[in-house]
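Below is one structure, written out as C-alpha coordinates, with a few remarks after it.
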Amino acid sequence: MTDATPQPLIELDGLRKTYNAGLPAEAEVLHGVSLRVNVGEFIALMGPSGSGKSTLLNILGLLERMTSGSYRLQGEPVQDLDDTELTLRRRHLLGFVFQFHHLLPAFSALENVTMPFLMTHGHVNDKQLAHARELLDAVGLSQAMKKRPSELSGGMQQRVAIARALVMSPPLVLADEPTGNLDTASSDEVFVLLRRMHAERGVSFVVVTHDSRLAARCDRLVELVDGRIARDEVTPPSGV
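Here the sequence shown stands for residues -2 to 237, numbered as in the numbering used here.
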(Lines of atoms letter the chains of each structure in order from A and count residues from 1; the text may use other names and numbers.)
(Lines give C-alpha, C1' and ligand atoms only; values in the text may rest on other atoms or scores of the structure.)
Protein backbone atom coordinates (compact mmCIF):
# COMPACT_ATOMS: atom_id res chain seq x y z
CA MET A 1 0.00 0.00 0.00
CA THR A 2 1.49 3.34 -1.03
CA ASP A 3 1.47 6.47 1.12
CA ALA A 4 -0.76 9.02 -0.60
CA THR A 5 -0.04 11.75 1.96
CA PRO A 6 0.99 14.94 0.11
CA GLN A 7 4.65 15.76 0.61
CA PRO A 8 5.42 19.36 1.58
CA LEU A 9 7.77 21.30 -0.64
CA ILE A 10 7.36 24.62 1.19
CA GLU A 11 6.17 25.19 4.75
CA LEU A 12 5.71 28.75 6.01
CA ASP A 13 4.70 29.36 9.62
CA GLY A 14 3.88 32.79 11.02
CA LEU A 15 5.76 34.69 8.30
CA ARG A 16 5.97 38.42 8.90
CA LYS A 17 7.64 41.07 6.77
CA THR A 18 8.19 44.62 7.99
CA TYR A 19 9.72 47.56 6.14
CA ASN A 20 11.11 50.70 7.68
CA ALA A 21 12.70 52.79 4.95
CA GLY A 22 13.46 55.78 7.16
CA LEU A 23 9.82 56.18 8.07
CA PRO A 24 8.71 57.17 11.56
CA ALA A 25 6.71 53.97 11.91
CA GLU A 26 7.37 50.49 10.62
CA ALA A 27 5.09 49.16 7.90
CA GLU A 28 4.23 45.47 8.21
CA VAL A 29 3.34 44.03 4.80
CA LEU A 30 2.81 40.37 5.72
CA HIS A 31 1.05 39.54 8.97
CA GLY A 32 1.77 36.02 10.20
CA VAL A 33 1.28 34.14 6.91
CA SER A 34 1.26 30.35 7.19
CA LEU A 35 1.23 28.37 3.95
CA ARG A 36 2.07 24.89 2.75
CA VAL A 37 2.90 24.09 -0.88
CA ASN A 38 2.92 20.38 -1.64
CA VAL A 39 4.93 18.55 -4.25
CA GLY A 40 3.09 18.55 -7.59
CA GLU A 41 0.68 21.41 -6.87
CA PHE A 42 -0.26 24.17 -9.33
CA ILE A 43 -1.32 27.15 -7.21
CA ALA A 44 -2.71 30.54 -8.19
CA LEU A 45 -1.78 33.38 -5.83
CA MET A 46 -4.21 36.28 -6.12
CA GLY A 47 -5.08 39.49 -4.31
CA PRO A 48 -5.55 43.22 -4.87
CA SER A 49 -2.60 45.53 -5.48
CA GLY A 50 -0.70 46.11 -2.26
CA SER A 51 -1.87 42.85 -0.69
CA GLY A 52 1.68 41.49 -0.37
CA LYS A 53 1.73 39.01 -3.27
CA SER A 54 5.05 40.10 -4.74
CA THR A 55 6.66 40.31 -1.32
CA LEU A 56 5.49 36.80 -0.51
CA LEU A 57 6.73 35.49 -3.85
CA ASN A 58 10.12 37.15 -3.32
CA ILE A 59 10.43 35.48 0.08
CA LEU A 60 9.41 32.11 -1.36
CA GLY A 61 12.05 32.64 -4.04
CA LEU A 62 14.77 33.43 -1.46
CA LEU A 63 15.15 36.86 -3.04
CA GLU A 64 14.09 38.67 0.10
CA ARG A 65 14.34 37.82 3.78
CA MET A 66 11.41 37.61 6.17
CA THR A 67 11.36 39.65 9.37
CA SER A 68 10.16 36.77 11.54
CA GLY A 69 8.58 33.34 11.25
CA SER A 70 9.89 30.12 9.76
CA TYR A 71 10.39 28.86 6.22
CA ARG A 72 11.21 25.24 5.41
CA LEU A 73 12.15 24.33 1.84
CA GLN A 74 12.16 20.58 1.17
CA GLY A 75 12.11 20.12 4.94
CA GLU A 76 15.14 22.35 5.61
CA PRO A 77 14.88 25.67 7.50
CA VAL A 78 16.20 28.42 5.23
CA GLN A 79 15.42 31.65 7.08
CA ASP A 80 18.84 31.77 8.79
CA LEU A 81 21.03 30.73 5.85
CA ASP A 82 23.65 33.17 4.63
CA ASP A 83 23.51 34.78 1.20
CA THR A 84 25.83 32.20 -0.43
CA GLU A 85 23.73 29.30 0.81
CA LEU A 86 20.53 31.02 -0.28
CA THR A 87 21.98 31.59 -3.77
CA LEU A 88 22.87 27.90 -4.12
CA ARG A 89 19.38 26.78 -3.14
CA ARG A 90 17.78 29.38 -5.39
CA ARG A 91 19.78 28.18 -8.39
CA HIS A 92 19.12 24.49 -7.88
CA LEU A 93 15.64 24.34 -6.35
CA LEU A 94 13.75 27.28 -7.86
CA GLY A 95 12.87 28.51 -11.33
CA PHE A 96 11.48 31.97 -12.06
CA VAL A 97 9.19 33.37 -14.74
CA PHE A 98 8.39 37.09 -14.58
CA GLN A 99 5.90 39.35 -16.35
CA PHE A 100 8.82 40.82 -18.28
CA HIS A 101 10.92 37.96 -19.57
CA HIS A 102 14.33 39.51 -18.75
CA LEU A 103 16.05 37.81 -21.66
CA LEU A 104 19.53 39.06 -22.57
CA PRO A 105 19.10 40.90 -25.88
CA ALA A 106 22.56 40.13 -27.28
CA PHE A 107 22.14 36.36 -26.94
CA SER A 108 20.09 33.82 -28.86
CA ALA A 109 17.13 31.95 -27.41
CA LEU A 110 19.34 28.90 -26.87
CA GLU A 111 22.06 30.94 -25.19
CA ASN A 112 19.49 32.56 -22.90
CA VAL A 113 18.18 29.15 -21.84
CA THR A 114 21.68 27.85 -21.08
CA MET A 115 22.60 30.94 -19.05
CA PRO A 116 21.79 29.33 -15.64
CA PHE A 117 24.31 26.57 -16.43
CA LEU A 118 26.92 29.16 -17.36
CA MET A 119 26.31 31.16 -14.19
CA THR A 120 26.42 28.06 -11.99
CA HIS A 121 29.26 26.06 -13.56
CA GLY A 122 31.13 28.60 -15.66
CA HIS A 123 30.58 26.56 -18.81
CA VAL A 124 27.92 24.63 -20.74
CA ASN A 125 28.67 21.00 -21.61
CA ASP A 126 27.15 18.91 -24.40
CA LYS A 127 24.58 17.26 -22.11
CA GLN A 128 23.39 20.62 -20.79
CA LEU A 129 23.21 22.05 -24.29
CA ALA A 130 21.14 19.07 -25.44
CA HIS A 131 18.81 19.56 -22.46
CA ALA A 132 18.32 23.23 -23.35
CA ARG A 133 17.55 22.29 -26.95
CA GLU A 134 15.03 19.70 -25.77
CA LEU A 135 13.26 22.28 -23.62
CA LEU A 136 13.04 24.80 -26.44
CA ASP A 137 11.60 22.08 -28.62
CA ALA A 138 9.11 21.23 -25.84
CA VAL A 139 7.90 24.85 -25.71
CA GLY A 140 7.49 24.94 -29.50
CA LEU A 141 10.61 26.91 -30.44
CA SER A 142 12.72 24.33 -32.21
CA GLN A 143 12.93 26.61 -35.26
CA ALA A 144 13.83 29.73 -33.27
CA MET A 145 16.79 28.62 -31.18
CA LYS A 146 19.26 30.93 -32.93
CA LYS A 147 16.98 33.97 -32.91
CA ARG A 148 17.56 36.86 -30.54
CA PRO A 149 14.73 38.18 -28.33
CA SER A 150 14.09 41.15 -30.64
CA GLU A 151 13.23 38.68 -33.40
CA LEU A 152 10.60 36.92 -31.30
CA SER A 153 7.03 37.86 -30.39
CA GLY A 154 6.11 38.55 -26.76
CA GLY A 155 4.57 35.11 -26.39
CA MET A 156 7.65 33.45 -27.89
CA GLN A 157 9.94 35.39 -25.56
CA GLN A 158 7.92 34.17 -22.60
CA ARG A 159 8.28 30.61 -23.89
CA VAL A 160 12.05 31.08 -23.85
CA ALA A 161 11.77 32.36 -20.27
CA ILE A 162 9.79 29.25 -19.29
CA ALA A 163 12.43 26.98 -20.84
CA ARG A 164 15.12 28.90 -18.95
CA ALA A 165 13.19 28.51 -15.67
CA LEU A 166 13.08 24.74 -16.18
CA VAL A 167 16.60 24.13 -17.46
CA MET A 168 18.10 23.37 -14.01
CA SER A 169 15.21 20.92 -13.37
CA PRO A 170 13.94 22.73 -10.24
CA PRO A 171 11.13 21.13 -8.19
CA LEU A 172 9.34 24.51 -7.98
CA VAL A 173 8.74 27.36 -10.44
CA LEU A 174 7.55 30.75 -9.20
CA ALA A 175 5.78 32.82 -11.84
CA ASP A 176 4.94 36.49 -11.25
CA GLU A 177 2.21 37.61 -13.67
CA PRO A 178 3.67 35.48 -16.49
CA THR A 179 0.83 36.41 -18.84
CA GLY A 180 0.32 39.99 -17.64
CA ASN A 181 2.15 41.56 -20.58
CA LEU A 182 0.49 39.44 -23.28
CA ASP A 183 -2.70 39.60 -25.31
CA THR A 184 -5.49 37.16 -24.56
CA ALA A 185 -4.51 34.57 -27.18
CA SER A 186 -0.83 34.60 -26.14
CA SER A 187 -1.84 34.47 -22.46
CA ASP A 188 -3.87 31.33 -23.07
CA GLU A 189 -1.00 29.73 -24.99
CA VAL A 190 1.52 30.48 -22.24
CA PHE A 191 -0.82 29.26 -19.52
CA VAL A 192 -1.52 26.01 -21.36
CA LEU A 193 2.23 25.56 -21.74
CA LEU A 194 2.77 26.05 -18.00
CA ARG A 195 0.11 23.45 -17.25
CA ARG A 196 1.69 21.03 -19.72
CA MET A 197 5.13 21.45 -18.17
CA HIS A 198 3.53 20.84 -14.77
CA ALA A 199 1.83 17.66 -15.96
CA GLU A 200 4.70 16.24 -18.00
CA ARG A 201 7.65 17.16 -15.77
CA GLY A 202 6.14 17.02 -12.28
CA VAL A 203 7.19 20.57 -11.45
CA SER A 204 5.23 22.46 -8.82
CA PHE A 205 4.06 25.98 -9.71
CA VAL A 206 3.02 29.04 -7.72
CA VAL A 207 1.61 31.59 -10.16
CA VAL A 208 0.77 35.18 -9.19
CA THR A 209 -2.02 36.43 -11.41
CA HIS A 210 -4.76 39.06 -11.55
CA ASP A 211 -6.61 37.05 -14.17
CA SER A 212 -9.45 35.20 -12.41
CA ARG A 213 -10.14 33.32 -15.65
CA LEU A 214 -6.70 31.72 -15.51
CA ALA A 215 -6.74 31.29 -11.73
CA ALA A 216 -9.91 29.22 -12.05
CA ARG A 217 -7.92 26.75 -14.15
CA CYS A 218 -5.34 26.17 -11.42
CA ASP A 219 -5.61 23.35 -8.88
CA ARG A 220 -5.68 25.60 -5.84
CA LEU A 221 -6.36 29.28 -5.16
CA VAL A 222 -4.65 31.24 -2.40
CA GLU A 223 -5.88 34.82 -1.96
CA LEU A 224 -4.00 37.48 -0.02
CA VAL A 225 -5.80 40.54 1.35
CA ASP A 226 -3.93 43.15 3.40
CA GLY A 227 -1.02 40.82 4.02
CA ARG A 228 -3.11 37.91 5.29
CA ILE A 229 -4.44 34.78 3.63
CA ALA A 230 -8.15 35.43 3.13
CA ARG A 231 -8.88 32.29 1.13
CA ASP A 232 -7.13 28.99 0.48
CA GLU A 233 -9.15 26.44 -1.40
CA VAL A 234 -8.95 23.72 -3.99
CA THR A 235 -10.56 24.88 -7.22
CA PRO A 236 -13.05 22.69 -9.11
CA PRO A 237 -11.59 20.83 -12.09
CA SER A 238 -11.92 22.74 -15.33
CA GLY A 239 -10.60 22.45 -18.85
CA VAL A 240 -7.11 23.83 -19.33
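Yeah, the Cβ is synthetic: ideal placement off N, Cα and C, and Gly gets one too.
Taking the C-alpha atoms as reference points, what is the distance between residue i and residue j?
{"i": "GLU38", "j": "ALA196", "result": "10 Å"}
{"i": "LEU101", "j": "ILE56", "result": "25 Å"}
{"i": "ASP223", "j": "SER48", "result": "5 Å"}
{"i": "ALA227", "j": "SER46", "result": "14 Å"}
{"i": "ALA213", "j": "LEU171", "result": "18 Å"}
{"i": "MET(-2)", "j": "GLN4", "result": "The predicted position of MET(-2) is uncertain, since its pLDDT is 44 and thus under 50; no value can be drawn from it."}
{"i": "SER209", "j": "HIS89", "result": "31 Å"}
{"i": "THR232", "j": "LEU190", "result": "19 Å"}
{"i": "LEU42", "j": "GLY11", "result": "18 Å"}
{"i": "PHE104", "j": "MET142", "result": "10 Å"}
{"i": "ARG238", "j": "ASN35", "result": "Lying outside -2 to 237, the shown extent of the chain, residue 238 is not represented and no answer is given."}
{"i": "PHE97", "j": "ASP77", "result": "30 Å"}
{"i": "ARG86", "j": "ASN17", "result": "28 Å"}
{"i": "GLU23", "j": "HIS207", "result": "28 Å"}
{"i": "THR181", "j": "PHE188", "result": "10 Å"}
{"i": "THR52", "j": "MET153", "result": "27 Å"}
{"i": "MET116", "j": "VAL164", "result": "12 Å"}
{"i": "ASP173", "j": "LEU221", "result": "14 Å"}
What are the start and end residues of the beta strand (DSSP E) that includes residue i?
{"i": "LEU12", "result": "5 to 16"}
{"i": "MET43", "result": "39 to 43"}
{"i": "LEU60", "result": "Note, LEU60: premise wrong, no beta strand (DSSP E); not H, not E."}
Could you check where the alpha helix (DSSP H) with residue i kicks off and where it finishes?
{"i": "ARG130", "result": "123 to 135"}
{"i": "LEU90", "result": "80 to 90"}
{"i": "LEU163", "result": "151 to 163"}
{"i": "VAL110", "result": "106 to 118"}
Does DSSP put residue i in a helix, a strand or coil?
{"i": "VAL30", "result": "strand"}
{"i": "PRO74", "result": "strand"}
{"i": "SER65", "result": "strand"}
{"i": "ALA141", "result": "coil"}
{"i": "ALA182", "result": "helix"}
{"i": "GLU25", "result": "strand"}
{"i": "SER51", "result": "helix"}
{"i": "PRO102", "result": "coil"}
{"i": "PRO146", "result": "helix"}
Per the DSSP calculation, residue i is bridged to which residue(s)?
{"i": "ASN35", "result": "PRO5"}
{"i": "ALA172", "result": "VAL94 and VAL204"}
For this session: Run through the segment 186 to 231 for me and flag every whole alpha helix (DSSP H) of 4 or more residues, listed as ranges in chain order.
Result: Runs found: 209 to 212.
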